[in-house]
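Chemist:
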Ligand code: VG1
Ligand code: CO
């Protein structure tokens with residue numbers, strides 16, 4: 001039986017860079033989840049009788065919310081829900097399932113790289129029929145709806161068994177529980193030369209993949225060890241845990257420091273990688289060398305034709321604005337289009353759908369292609385493996401040769417986390433007010449060529465997104481970018497992105513922080529980061 005429950009709006013259900021993210025106790029408030037899910041459904045049209053895909057990264061509260069969404073999808077008139085077994089689907093796997101089974105859309109339960117557990121973070125995100133995150137037009141409609149919602153619809157049903165693969169009828173709707181890994185593994189086999197990678201492992205090549213107790217564990221175990229023959233223990237921390245073992249499932253040099261240290265040791269394996277909570281990010285470290293995500297995007301783009309799925313070449317490359325320009329040099333050499341979008345994967349969807357871009361990436365360890373409409377951590381790892389299997393060179397040699405060919409974009413990001421929101425906003429407001437007067441001035445010995453607040457005009461649907469990050473461009477091509485995070489759940493996170501291009505191969509072995517020190521000082525001179533935030537140094541440097 002379907003019930004209509006009266007409710008009152010919450011005023012804070014505005015989706016951020018990637019869905020609605022809040023602390024678990026906030027999601028546990030009565031009606032909080034239901035209001036947001038109903039707001040999603042109310043913002044959509046034409047899903048009666050159609051299919052919804054549902055899954056999450058297995059974090060705390062995942063299983064409870066899966067049941068709520070099932071009961072609400074039935075009451076709202078969906079014909080079928082495809083659920084990952086145990087409520088598990090990595091974000092890229094969910095994107096694939098939406099596309100493969102021609103679903104109307106999907107709900108992904110994840111707060112990605114944010115910590116989990118009873119006091120950690122939870123998140124809900126809606127993806128559209130192309131498998132990608134809902135564009136701003138829809139996320140804005142969801143938010144508007146959440147501010148006026150007065151009722152939600154829910155079926156009065158017992159909990160559905162989501163642990164057994166198979167189909168059941170639930171209040172007139174079909175619930176189809178699928179193996180969480182199989183479709184994704186099959187897709188990866190269609191893109192990469194698994195025989196060549198198997199040979200690579202047979203030759204004694206060793207890798208370490210750290211799933212960080214998050215969703216990629218079962219995917220990595222199946223693909224790397226079972227299908228590609230990598231030895232046992234290649235996948236580490238591969239049991240997904242609701243609280244990620246108490247760790248922060250963000251594969252960066254702070255939270256995956258153990259992997260970094262192992263890769264810098266004398267007995268390091270050939271290749272190291274890690275992924276985040278929901279499986280869409282990747283960290284790539286060769287023996288003795290960390291590859292920045294921006295460089296990884298450029299190196300993957302330059303070598304993608306070595307993998308069967310990309311042997312016809314790339315149509316174009318897209319990167320988010322704060323991502324370094326390393327990939328731009330590759331696009332220029334290949335003579336293909338290069339697109340610069342705001343932060344967040346939702347902005348790549350149109351370019352991928354229109355066939356304008358084949359590979360996309362973000363500096364935040366996100367890389368992906370037109371095979372799905374999300375960034376994809378294991379995909380990036382497998383593309384690296386395919387390239388290594390063909391080239392049979394070390395990661396370090398590949399990087400060196402890449403920089404010698406294209407020049408090196410030294411790059412770092414400094415995050416100031418959990419800053420008081422008022423102080424962070426004041427800093428950005430003051431900086432914005434200063435922008436028109438900056439061009440032509442000299443800061444810390446460097447001349448500013450241009451300063452603006454990035455606006456994106458989508459070339460496919462013509463939509464406009466303003467205030468996407470402040471850019472200060474110096475003469476000679478160096479730049480600093482500053483923006484506030486849209487994924488945090490407490491206070492504000494200030495992100496400072498710093499970049500300098502170095503064409504001279506004799507200067508490709510320098511320390512990144514030292515090389516960028518003058519720009520980092522300039523950034524503080526211009527924005528007053530330390531004075532405004534009250535912090536003397538960043539919380540995370542990547
Ligand atoms: C961050 C990253 C951004 C990424 C987003 C979602 O956003 O900077 O590049 O797309 O997280 O990644 P923000 O607004 O905090 O800078 V994930 O792995 O949450 O899906
Ligand atoms: Co993620």
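In the UniProt record's numbering, the protein residues as written are 1 to 542.
Glycine included, every Cβ here is placed at the ideal spot set by N, Cα and C.
Keep in mind it's a predicted model, so treat the numbers as computed, not measured.
Which residues in the same chain have their Cβ closer than 7 Å to the Cβ of residue 150, if we skip the five residues on either side of it in sequence?
Modeler: Closer than 7 Å at the Cβ level, and outside the excluded window around residue 150, lie 6, 7.
Chemist: Ordered along the chain, which non-local residues of its own chain (more than five positions away) have a Cβ less than 7 Å from that of residue 354?
Modeler: 460.
Chemist: Cβ-heavy atom distance between residue 362 and ligand 1 below 7 Å?
Modeler: Yes, the beta carbon of residue 362 sits closer than 7 Å to at least one heavy atom of ligand 1.
Chemist: Would a C-beta distance cut-off of 8 Å place residue 242 and residue 117 closer than the cut-off?
Modeler: In contact: residue 242 and residue 117 (Cβ atoms closer than 8 Å).
Chemist: Using only CA atoms, which one of 363, 444, 327 lies nearest to residue 541?
Modeler: Minimum Cα distance to residue 541 is reached at 363.
Chemist: Between the beta-carbon of residue 135 and the beta-carbon of residue 346, is there less than 8 Å?
Modeler: Yes, the pair counts as a contact, with Cβ atoms nearer than the cut-off.
Chemist: Would you identify the three-state DSSP class for residue 20, choosing helix, strand or coil?
Modeler: Of the three classes helix, strand and coil, the one that applies to residue 20 here is strand, per DSSP.
Chemist: Across the stretch 13 to 26 and the stretch 64 to 78, are there enough close Cβ pairs to call them in contact, namely three or more that are closer than 8 Å?
Modeler: Cβ pair count under 8 Å is below three, so no.
Chemist: Report the option in 216, 223, 205, 175 whose CA atom is closest to the CA atom of residue 190.
Modeler: Taking only the C-alpha atoms, the option nearest residue 190 is 223.
Chemist: Under 8 Å, do residue 121 and residue 278 count as touching if we go by C-beta distance?
Modeler: Not a contact, by the Cβ cut-off of 8 Å.
Chemist: Quick one: is residue 356 near chain B, going by C-beta distance under 8 Å?
Modeler: Any reference to chain B falls outside this structure, which holds one protein chain only.
Chemist: Measuring alpha carbon to alpha carbon, tell me which of 271, 153, 264, 148 ends up nearest residue 560.
Modeler: The requested residue 560 is not part of the displayed model; the chain covers only 1 to 542.
Chemist: Any idea what DSSP makes of residue 247, helix, strand or coil?
Modeler: Three-state DSSP puts residue 247 in coil, outside helix and strand.
Chemist: With a threshold of 6 Å on Cβ separation, who are the neighbours of residue 464 within its own chain once the five nearest residues in sequence on each side are excluded?
Modeler: The answer, listed in chain order, is 457.
Chemist: Can residue 209 and residue 236 be called in contact, C-beta distance under 8 Å?
Modeler: It is a contact, given that the beta carbons lie within the stated cut-off.
Chemist: Go through the stretch 205 to 284 residue by residue and report every complete run of the beta strand (DSSP E) that reaches 3 residues or more, in order.
Modeler: If we require 3 residues or more, the beta strand (DSSP E) runs fully inside the stretch 205 to 284 come out as 207 to 210, 271 to 274.
Chemist: So the candidates are 294, 479, 306; which of them puts its Cα closest to the Cα of residue 403?
Modeler: The shortest Cα separation from residue 403 among 294, 479, 306 belongs to 294.
Chemist: Excluding the 5 residues flanking residue 486 on each side, which residues of the same chain have their C-beta closer than 6 Å to its C-beta?
Modeler: Correct list, in chain order: 16, 17.
Chemist: Could you check which residue in 30, 161, 539 has the C-alpha nearest to that of residue 494?
Modeler: Ranking 30, 161, 539 by Cα distance to residue 494 puts 539 first.
Chemist: Taking the straight line between their C-alpha atoms, what separation do you get for residue 30 and residue 61?
Modeler: C-alpha separation (whole angstroms): 14 Å.
Chemist: Under 8 Å, do residue 254 and residue 298 count as touching if we go by C-beta distance?
Modeler: No.
Chemist: Drop a sphere of 10 angstroms on the beta-carbon of residue 509, count the other beta-carbons inside from all chains shown, and report buried for 16 or more, exposed for fewer.
Modeler: Exposed.
Chemist: Between the stretch 501 to 515 and the stretch 526 to 537, do three or more beta carbon pairs fall short of 8 Å?
Modeler: In short, these stretches do not touch, since the Cβ pair count stays below three.
Chemist: Comparing the CB of residue 255 with every heavy atom of ligand 2, is any distance shorter than 7 Å?
Modeler: Not under cutoff, so the answer is no.
Chemist: Which parts of the stretch 332 to 408 are runs of the alpha helix (DSSP H), unbroken and 4 residues or longer, counting only runs that do not cross its ends?
Modeler: DSSP runs (the alpha helix (DSSP H)) wholly in the stretch 332 to 408: 349 to 353, 377 to 391, 395 to 406.
Chemist: Let's test the definition: count the other Cβ atoms within 10 Å of the Cβ of residue 85 and tell me whether it reaches 16, buried, or not, exposed.
Modeler: Counting Cβ neighbours within 10 Å, residue 85 comes out buried, since at least 16 surround it.
Chemist: Quick one: is residue 358 buried, meaning 16 or more other Cβ sit within 10 Å of its Cβ, or exposed?
Modeler: It counts as buried.
Chemist: Residue 32 by DSSP, collapsed to three states: which one?
Modeler: DSSP places residue 32 in helix when its eight states are reduced to three.
Chemist: Assuming residue 212 contacts residue 153 under a Cβ cut-off of 8 Å, what Cβ separation, rounded to an integer in Å, is found between them?
Modeler: Not a contact, Cβ separation roughly 37 Å.
Chemist: Please find out if some non-hydrogen atom of ligand 2 comes closer than 7 Å to the beta-carbon of residue 91.
Modeler: Residue 91: yes, Cβ under 7 Å from ligand 2.
Chemist: Kindly list the residues whose CB is nearer than 6 Å to the CB of residue 389, restricted to its own chain and excluding five residues on each side of it in sequence; keep chain order.
Modeler: For residue 389, where only same-chain residues beyond five positions count, the Cβ hits under 6 Å are 196, 197, 200.
Chemist: At the level of alpha carbons, what is the spacing between residue 51 and residue 370?
Modeler: Going from the Cα of residue 51 to the Cα of residue 370 covers about 22 Å.
Chemist: Kindly indicate the opening and closing residues of the alpha helix (DSSP H) around residue 294.
Modeler: Note, residue 294: alpha helix (DSSP H), 293 to 303.
Chemist: Around the Cβ of residue 312, are there at least 16 other Cβ atoms within 10 angstroms (buried) or fewer (exposed)?
Modeler: By the 10 Å Cβ count, residue 312 comes out exposed.
Chemist: If you check the beta carbons only, do residue 439 and residue 426 fall under 8 Å apart?
Modeler: No, the Cβ-Cβ distance between residue 439 and residue 426 is not below 8 Å.
Chemist: Is the beta carbon of residue 490 less than 8 Å from the beta carbon of residue 418?
Modeler: Going by C-beta atoms, residue 490 is nearer than 8 Å to residue 418.
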